[in-house]
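Position 197 of the sequence shown, counting from 1, maps to 189 under this note's numbering, and the rest follow consecutively. In this text, a Cβ means the ideal position worked out from N, Cα and C, and glycines have one as well.
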Amino acid sequence: MHTHGMISPRPVRPALRVLGGLFAAVVGLAMGSHAASAQGRLDAHYEATLAGIPVGKGSWAIEILDDTFSAAAQGGTSGLLKAFAGGSGTGAAQGRVVNGALVATNYQATTTSSKKSEAIHMVLANGSVKEFGIDPEPPVDPDRVVVTDAHRRNVFDPMTGSMLRVPGTSDPLSPEACHTGAAIFDGRLRYDLKLDFKRMETVKAEKGYAGPVVVCAVYFSPVAGYIPDRPVIKYLSAQRNMEIAFAPVLGTRILVPFRMVIPTPLGVAMLEATQFITTATPPRVAKTQ
């Protein structure tokens, strides 16, 4: 990757892509002992800004049922960022709900720009990647840290990994929600994310949710699949000011990002919900006849 100094858009596009990966689009928690049925839906719209200037929009729909879940996101760049790196993308995950925890079975993501299109797919079982591929297959780079089979075990896809599961029976919106971390594999990059509690806050979407959020600091550590000399990898690894504000999906113990903030050389990159409509769905009643 060539660099053009601190005003280059190059660190921004991957930073926003990582931010979108977190959103699409941070961390899945291990299964809790709380096994009560819970169901809920989320219909959210987000706006991305860079130094306060709108650069993209996206949407995210989540449905959590008794024993299955699905999530789908899409978005695109606009304005300033489109001039630098115009494009659009989609992400989706499906899986099972096991003791209240989300266990993905499939993940798909696509990115399209004026220069190229790419599709990633993954099949997972019990937290391990059984099959994955990128179309078209990327060229081999000898500087890239090799992803081994061991790196693809006990991981989350970036979509499921962005839905925070809080075990137990107390209010999920608490500092304890941030006391976690997880391993993520997005089809190319294997990285660790660690959360730490920063503060409680109150938010109000233009449409939908108004209420408390828990704000977590997020720390990024690359493990494999990356090129060590890439400026964006060094930059994100050194960041200590990234944060995510989580809001609840009603009827569940799942928290999802309401706002994400990543400082960049060109200013603060932010993804924030403009619409956050969440509803609890009554559990299915078993037939008695």
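In three-state DSSP terms, what is residue i?
i, result
"Tyr287", "Past the boundaries of the shown model lies residue 287; the chain is included only from -7 to 281, so the question cannot be answered."
"Leu228", "helix"
"His143", "helix"
"Gly67", "strand"
"Glu168", "helix"
"Gln152", "A small correction: the amino acid at residue 152 is Thr; Gln does not occupy that position in the sequence shown. The answer is helix: DSSP assigns Thr152 an H, G or I state."
"Pro223", "helix"
"Ser120", "strand"
"Asp188", "strand"
"Glu193", "strand"
"Met252", "strand"
What do you get for residue i, buried or exposed, if any count of 16 or more other CB atoms within 10 angstroms of its CB means buried?
i, result
"Met192", "exposed"
"Ile254", "buried"
"Val145", "Going by the sequence as given, residue 145 is Arg instead of Val. Burial call: exposed."
"Asp178", "buried"
"Thr256", "buried"
"Pro249", "buried"
Measuring CA to CA, which of the options is closest to residue i?
i, options, result
"Leu242", "Arg232, Ser213, Arg157", "Arg157"
"Asn91", "Tyr227, Ile236, Asp59", "Asp59"
"Pro128", "Ala101, Arg136, Phe268", "Ala101"
"Ile45", "Ala265, Leu258, Gly173", "Leu258"
Leaving out five residues before and five after residue i in sequence, what residues of the same chain have Cβ atoms less than 8 Å from its Cβ?
i, result
"Asp133", "Ile219"
"Gln282", "Given that the chain is displayed from residue -7 to residue 281, the structure contains no residue 282 and the question cannot be resolved."
Ignore the nearest five residues each way along the sequence and tell me which others in residue i's own chain have a CB closer than 6 Å to its CB.
i, result
"Glu55", "Arg33, Ser62"
"Phe124", "Met114, Gly179"
"Asp135", "Ile219"
Is the distance from the Cβ of residue i to the Cβ of residue j below 7 Å?
i, j, result
"Asp149", "Ala96", "yes"
"Tyr99", "Met155", "no"
"Lys199", "Gln267", "yes"
"Leu42", "Ala272", "no"
"Ile225", "Cys208", "no"
"Phe238", "Leu228", "no"
Using a Cβ-based criterion (distance less than 6 Å to any ligand heavy atom), does residue i qualify as near the ligand FAD?
i, result
"Asn118", "Of the ligands one can find in the structure shown there are none, so the ligand FAD has no counterpart to examine."
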